[in-house]
Structures are given as C-alpha cells and as structure tokens.
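Take a look at the structure below.
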DNA sequence: GATGAATGAGGCTTCATTCAT
DNA sequence: AATGAATGAAGCCTCATTCAT
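Protein chains in written order, with the numbering used here: chain A, 5 to 199; chain B, 5 to 199; chain C, 5 to 199; chain D, 5 to 199.
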C-alpha cells in the first residue's frame with residue numbers, strides 16, 4: 005500500500021496542473037528512494053493516486069518524467085554561492101550531513117539505478133574485496149579503512165563521470181597533467197591524518 | 005547482427021571449456037559496453053553463437069554469469085604491489101592510460117548499470133549543467149573545467165560507494181573527521197596547479 | 005483452433021468483469037478437461053480471446069486462476085442438505101448421473117494433481133472444506149471425521165478410476181443398479197461403529 | 005546430492021544390463037517418492053550415476069521408463085491369493101500398514117501424476133491388469149467387473165486423499181479400527197447383489 | 001480531463017531430447 | 001557401450017504503452 009503523495013480528498017476536482025504535479029512529486033520520491041529502473045510506471049501512478057495512462061499523456065513516456073524530475077532539482081542548493089575558499093568544506097558538510105538523510109534526486113537516481121538486485125550483492129562484495137581491502141592493507145596508520153574508501157570513491161566516481169560525460173574535459177586534457185592531478189587527489193584521500 | 009566473440013567456423017568441435025569461455029567472453033564484452041541490465045541472455049548467447057540454455061547450464065543463471073565475469077577480472081592488476089608511497093601515481097596512471105581504452109568489467113558494469121539508456125542523456129546533461137559547470141564558474145585560473153570534473157567525480161563516487169557498500173566505513177566514521185577529510189580531498193581536486 | 009468460451013463478435017466492449025469471467029470460464033473448461041499442468045496460460049488466454057497478460061493482471065498468476073476456479077465450484081451442490089439417512093443415495097445419484105458428463109473442477113484438478121507444488125495447498129484446503137468437513141458436520145457419533153474421510157476417498161477414487169479407465173465397466177453398467185451399489189458403499193463408509 | 009541407487013565402484017565395467025537396471029531402480033525410487041512429473045530425466049540419471057542420454061537410448065523416452073517401472077511392479081503382492089472371503093481384510097491391512105510406509109510405484113505415480121498425458125495409457129492398462137482384473141477373477145457371481153471397479157476406486161481414492169490431506173484423520177486414527185472399517189467398506193464394494 | 005481495460009514485446013528459465021565423440 | 005555438449009521448444013511473468021470510453 006503506497007500512501008498518496010499529498011493528501012487530497014477522494015473526490016477532488018479535475019485540475020490538470022495539480023495532477024501533473026502530483027505525478028511529479030511521486031516520481032521524485034520513488035526515483036530518489038529506489039531508483040529509476042526499479043520503479044514501474046504503475047507504482048508511480050498508484051502512489052500519486054492517478055491513472056497510469058496520465059504519465060504518458062503528460063510526460064510522453066516514463067523517460068520524460070525522469071527528465072522533468074531531474075531538471076527541477078537543485079543538486080547542491082546554495083552551495084556554490086559564498087566564499088570559494090571554503091567551498092570544499094561546504095560541499096563536504098553537505099555530503100556528510102545529508103548522508104544520514106536523503107540525497108538529491110539526481111544523485112540518488114544515479115546511484116540507485118545500479119540497483120538491479122542481482123548487481124548489488126555482486127558489487128558490494130567485489131568493491132570491498134577487489135578495491136577497498138587491498139588498498140587498506142597497503143596503508144599504515146589509523147583509519148586505513150576510511151582512507152581506502154575515500155580513494156575507492158574517487159576511482160569509481162571517475163569512471164562514472166567519464167562515462168556519463170562522454171568525451172569531455174578529462175579525456176581531452178593533457179594526460180600527463182591529468183595523472184599528476186589525480187595522483188595528488190588520491191594521495192590526499194589516502195593521507196593518514198585529517199588535522 | 006552480432007559478431008561472434010571469436011571467429012571460428014560454424015562446424016566447431018564440442019568443447020565444454022571453450023564454449024564456456026566463449027560465453028564468458030561475450031558476456032564480458034556486452035556487459036562492459038552496454039551494462040548488465042541492458043543485455044539479455046539471448047543476446048549473449050547469440051553473440052557467443054550458442055544456445056541460450058547453455059547460459060543456465062553453465063552458470064546457473066544470468067546472475068551467475070555476471071558474478072563470474074566480475075570475479076575473474078583483476079580490477080587494478082598489480083597496482084597494489086610496490087612502494088606504497090607512489091601508489092597514488094600508479095593508480096592515476098592506470099586510470100588515465102586506460103581511460104583511452106576500456107575500463108575493467110567491474111567498473112564498467114557498475115558504471116553501465118546506471119545505464120538505462122533513458123538515463124544516459126538525462127544524466128549527461130544534468131551532470132554538466134548542475135554540477136560541473138556551476139563548479140567551474142566559481143573557480144579561477146586555468147583548467148577550471150578539469151578541476152571541476154575531478155571534484156564532481158569525487159562527489160558522484162562517494163554517493164555510489166556509500167550506497168553499494170551499505171552502512172560501512174564512511175557511515176560509521178566520526179562525521180566531523182569525515183567532513184575534514186572530504187573537504188581536504190575536494191580542495192585538492194579544485195586546486196589550480198598540478199605542479 | 006480454440007473456440008471462444010462465449011460466442012461474441014470480436015469488437016466487444018471493454019468490460020472488466022466480463023473479461024475476468026471469460027478467462028475464468030475458459031480456465032475452468034480447460035482445467036476440467038485437460039488438467040492444470042497440461043494447460044498453458046497462453047492457451048487459456050487464447051481460448052478466452054484475450055491477451056495473456058490479463059491472466060496475471062486479474063489473478064496474479066496461473067495458480068491464482070486455479071484457486072479461483074476451484075473456490076467457486078460447489079463440489080456437491082446442495083447434496084449435504086436434507087435427510088442424512090439418504091445422504092449416501094443422494095451422493096451416489098449425483099456421481100452416476102454426472103458420470104455421463106463431467107467431473108467438477110476440484111475433482112478433476114485433484115485427480116490431475118500431478119503433485120504440482122502449486123496445487124497441494126489449494127487442494128488440501130479445498131478437499132477439507134468442500135468435502136470432508138461438510139460431510140463431517142452432517143454425521144452423528146464418534147469418529148465422524150474418519151468416516152467422512154473414508155467417504156471422501158471413495159468419491160475421489162471413483163472420479164480417478166472413471167477417468168483413467170475410460171468408458172468401461174462403471175459407465176456401461178445400468179445406472180440404477182450402480183447408484184444402488186454406490187449408495188450402499190458410501191453408507192458403509194459413513195456408518196458409525198466398526199464393530 | 006543424490007546417493008547412487010546401488011553402491012558400485014566408480015570404475016565399473018560396461019554392462020548393458022546392469023546399467024539398465026540401475027536406471028530402472030533409480031526411476032522407481034524417485035517416481036515413487038516424488039511422482040513422475042516432478043522428477044526430471046537428469047535427476048534420474050544423476051541418481052543412477054549414469055549419463056542422461058542413456059535413458060533415451062534404453063527406454064526410448066522418459067515415458068518408456070515409466071512404463072517399465074510400472075509394469076514390473078506388483079501392486080498388491082500376494083493379496084489376491086487365498087480365501088476370497090477375507091480378501092477385503094487383507095487389502096485393508098495392506099493399505100493401512102503400508103500407509104505408514106510407502107505406496108507401490110503404480111499407486112504413487114498414479115496419485116501424483118494422474119494428469120500427465122504420457123501416463124494415461126500406462127495407467128489405464130495397468131489399473132486394469134494389476135487391480136481390476138485380478139480382483140474380478142477372484143469374485144463369483146454377476147457383475148464381478150463392476151464390483152471390482154468399485155473396490156479399485158476405493159483403493160485408489162484412499163491413496164489420493166491420504167496424500168493430499170497429509171497427516172490427518174486417517175493417519176492418526178487407531179490402525180486396528182481403521183482396518184476394520186476399510187475392510188467393511190471393501191467388502192461392501194465387492195458384495196454381489198445390490199438389492 | 002481522466003479512466004482502466006487491453007495489448008505486444010520481451011525477459012529468464014527448465015526440460016526432454018539429439019548429436020558428435 | 002557410454003558420454004556430455006548442445007539444442008529447440010515451451011513455460012510463466014512483467015512492463016511500458018495505447019485504445020475506447
């Protein structure tokens with residue numbers, strides 16, 4: 005039993021815009037929490053309390069719904085404003101604090117869409133065994149696990165971004181300089197002490 | 005339409021191991037280039053030039069095929085051995101040099117599994133518009149684009165890893181220290197000069 | 005090749021209940037004449053003149069269809085009411101008169117039971133609820149349950165044998181005499197005391 | 005892990021007859037305990053420790069294997085000999101005592117897989133040859149065939165009900181009393197005159 | 001504007017069987 | 001005589017979508 009996105013009386017008036025919005029809200033919520041692929045059109049419709057056909061009517065197709073959800077979402081709301089010098093810290097705080105709550109739809113959907121249940125188990129085990137733990141073993145000092153995990157994040161993230169972005173910045177950049185930069189970042193991930 | 009994984013005449017001998025391997029090769033190739041979810045059992049079989057039933061016979065289920073593909077792949081072959089001090093650089097070189105070729109199956113499949121074709125276009129545009137370019141605008145100096153992309157990689161990667169790894173290292177770590185570390189890493193990503 | 009359950013023109017109206025019923029009718033007919041395992045979802049759908057997906061839509065799964073078919077079938081309609089003293093005769097008449105026609109879906113499916121794990125639960129419950137317990141309620145004295153079970157065995161067994169044996173002894177025998185005999189046997193099953 | 009039907013050394017000699025027999029033994033055991041439809045050719049072969057293809061080689065098809073299993077099985081071994089007057093009691097004892105153990109392959113397979121088209125012919129012939137006609141031969145008077153058929157119905161029916169109902173009434177009832185009752189019912193089936 | 005019935009395509013898996021060794 | 005690799009057919013189910021109301 006899904007609960008409706010917004011509480012409205014059963015015999016509500018016919019309001020194109022409101023209906024559209026209710027669908028959008030439901031989609032955002034479900035995509036965010038479970039991923040695009042995992043959520044069927046029917047569930048979105050049921051959650052919104054509307055008919056399935058309306059998704060196609062209003063958004064052309066499921067894909068259109070995603071596009072709209074993603075478009076309206078501010079990934080890092082307000083983070084980019086303010087003193088650039090402390091931008092990294094603002095981002096970090098946002099990430100960590102939010103980590104205990106919810107991601108933004110875009111990120112979440114991106115993350116979640118790797119969510120074929122079949123894949124989860126395989127990846128979890130493999131990510132740990134083939135990347136994080138080997139890294140951890142090489143490291144000295146405290147918190148080797150966290151440091152290894154940070155580096156793993158960078159490694160995975162670069163793959164995703166390179167792929168999604170296609171042949172852009174990173175690919176076109178001078179390889180030697182790129183190596184230099186990445187090495188520095190990874191070194192930073194792996195450094196023992198934070199303070 | 006699919007070309008066989010290995011070119012051999014149709015009337016080939018019956019060789020369990022060879023057939024198994026051909027299936028494995030086809031799966032790796034297709035998973036790597038299109039993602040687990042996108043590739044059907046039938047296509048893998050067709051690509052390998054064998055009957056679909058053999059996939060289940062030899063690997064139990066499609067999932068088993070993935071497990072094996074992923075298991076046999078050395079994500080960073082040989083990278084973890086050697087002087088830890090230059091580990092970051094070895095990783096970086098591996099990433100960048102390989103960047104012009106192919107990722108490893110694990111990474112690729114992970115990346116690709118976010119690969120519902122529907123999602124690709126949406127994400128590409130959104131990743132650029134909502135993360136990379138805003139970051140870029142805040143930065144001074146040359147190569148702002150590359151620096152922004154590096155930071156975006158870290159942001160995306162952390163989401164993925166946190167999700168796939170479940171409630172592990174990063175989630176259990178002291179938040180304040182975590183923020184400190186991440187901020188430092190992001191700062192490192194965004195730093196203007198490499199040398 | 006299949007003839008539709010009900011003859012209606014192809015361009016019929018969209019009526020959920022009617023369609024559901026048409027599927028149910030087709031399933032009953034086919035299950036009854038050929039058995040659950042032998043009849044595929046596709047054939048039921050074809051026979052009903054509808055799309056296969058509707059079976060899952062309306063009944064969850066093939067098994068659900070069987071459950072419903074079995075549930076709505078009154079195995080011995082009205083037989084258990086009336087004077088218990090002549091219950092055996094009423095049953096016998098029902099069996100013999102119907103013997104020239106068809107078994108009920110429950111019996112038929114029970115006979116066919118093929119041990120399909122799907123069926124066990126459905127049958128166990130239905131055999132108890134629709135035959136044994138109604139019989140038990142009508143009986144006086146101790147051991148009503150065992151007596152009812154014996155009678156049920158005879159009822160079920162006659163169905164099986166008639167079916168497997170084809171048009172032989174029982175079918176060719178004089179109906180009135182057959183009724184007489186069966187009534188006596190059932191009476192014997194239901195008799196209170198053994199000694 | 006299936007255990008082999010007979011213990012033989014791994015490097016056994018090639019012996020057509022022995023192999024055939026081992027397959028037959030495995031089939032009987034599995035058909036009897038799980039039913040024809042539920043047991044796959046592969047399992048039989050594995051259980052016998054031989055190659056699947058041999059089933060087809062020696063028995064033409066799975067069905068042929070069943071036919072042979074059923075043919076060699078004496079449904080009520082020795083029961084039909086002896087004083088006809090106490091035949092019902094002998095049958096009843098056989099049924100009840102065996103109820104705590106195993107049915108014969110024929111009955112078991114019949115109970116479990118009545119609907120499989122493969123089985124119809126086999127069963128029809130076997131039911132007639134192994135139960136009805138032996139019974140008929142023992143009986144005097146008119147209508148021996150019908151009386152035998154009634155008794156056969158009871159025998160078959162009890163097997164089905166016991167199986168479907170699980171460990172209920174009949175199994176829990178006092179065996180001696182149960183034998184008494186069943187003997188009486190069977191005697192009633194076999195009685196010459198209806199009026 | 002909204003509904004919901006109906007569709008068609010496609011996915012994974014299982015099985016008895018045949019073919020080449 | 002025996003093997004085991006390989007096949008083709010079929011089964012159930014799920015989904016996004018379209019059509020008629």
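Beta carbons: idealized from backbone N, C-alpha and C, even for Gly.
Across the structure, residue 45 of chain B and residue 59 of chain B are spaced so that their CA atoms are roughly 7 Å apart. Contact note: residue 156 of chain D reaches chain C through 165, using a C-beta cutoff of 7 Å and chain order.
When the alpha-carbon of residue 28 of chain B is set against those of B:39, B:53, B:72, the nearest one is in B:72. Residues of the region 169-184 of chain D that bring their beta carbon within less than 8 Å of a beta carbon in chain C comprise 169, 170, 172, 173, 174, 177, 181, 182, 184, in sequence order. When the Cα atoms are used, residue 157 of chain A and residue 63 of chain B turn out to be separated by approximately 30 Å.
In the DSSP assignment, residue 184 of chain A falls within the alpha helix (DSSP H) that extends over 179-194. Residue 184 of chain C and residue 148 of chain D have their alpha carbons spaced roughly 15 Å apart. In the DSSP assignment, residue 68 of chain D falls within the alpha helix (DSSP H) that extends over 66-75. Counted as a single uninterrupted DSSP element, the stretch harbouring residue 18 of chain C is not any alpha helix (DSSP H), since DSSP gives it neither H nor E.
Look at the region 137-168 of chain D and you find these whole runs of alpha helix (DSSP H), each 4 residues long or longer: 137-142. Between residue 91 of chain B and residue 95 of chain A, the gap from beta carbon to beta carbon reaches 8 Å or more.
If you draw a 10 Å sphere on the C-beta of residue 82 of chain B, you find fewer than 16 other C-beta atoms in it, and that means exposed. When DSSP states are grouped into helix, strand and coil, residue 35 of chain C belongs to the helix group. Not a single C-beta of chain D is nearer than 8 Å to the C-beta of residue 63 of chain C. For the pair residue 99 of chain A and residue 48 of chain B, the CB atoms are not nearer than the 8 Å cut-off. When secondary structure is reduced to three states using DSSP, residue 78 of chain D falls in the coil class, being assigned neither helix nor strand.
Here residue 150 of chain C really is in contact with residue 177 of chain D; their C-beta atoms are around 5 Å apart, less than 8 Å. Around the CB of residue 155 of chain C, 16 or more other CB atoms lie within 10 Å, so the residue is classed as buried.
If you ignore the 5 residues before and after residue 31 of chain D, its C-beta comes within less than 7 Å of the C-beta of 48, 69, 73, all in its own chain and listed in chain order. Taken in chain order, the members of the region 86-100 of chain A whose beta-carbon sits within less than 7 Å of a beta-carbon on chain B are 88, 91, 92, 93, 95, 96, 97, 99, 100.
Take the alpha-carbon of residue 19 of chain C and the one of residue 26 of chain C: they are about 10 Å apart. Looking at the backbone, the Cα of residue 160 of chain A and that of residue 87 of chain B are separated by about 23 Å. For residue 153 of chain D, the C-beta contacts it makes with chain C under 8 Å involve 165, 169, 172, 173, 174, in order along the chain. For residue 136 of chain C, same chain residues with a beta-carbon under 8 Å away, outside a window of 5 residues either side, are 149, 152, 153, 156 in chain order. Looking at the backbone, the Cα of residue 101 of chain D and that of residue 175 of chain D are separated by about 10 Å.
Within chain D, the residues 168 have their CB atoms less than 7 Å from the CB of residue 127 of chain C, given in chain order. Taking all protein chains shown into account, residue 134 of chain B has 16 or more neighbouring C-beta atoms within 10 Å of its C-beta and is therefore buried.
If you look at residue 87 of chain C, you'll find it isn't in any alpha helix (DSSP H); DSSP assigns it neither H nor E. With 16 or more other Cβ atoms inside 10 Å of its own Cβ, residue 163 of chain D counts as buried.
Minimum Cα-Cα distance from residue 179 of chain C among the listed residues C:93, C:35, C:139, C:52 corresponds to C:93.
Interface flag for residue 48 of chain D against chain C is unset, since no Cβ pair is found closer than 8 Å.
When 9 Å is used as the limit between beta carbons, residue 160 of chain C is near these residues of chain D: 157, 160, 161, 162, 164, 165, 168, in chain order. In the structure shown, residue 133 of chain B adopts helical secondary structure according to DSSP, grouped into three states.
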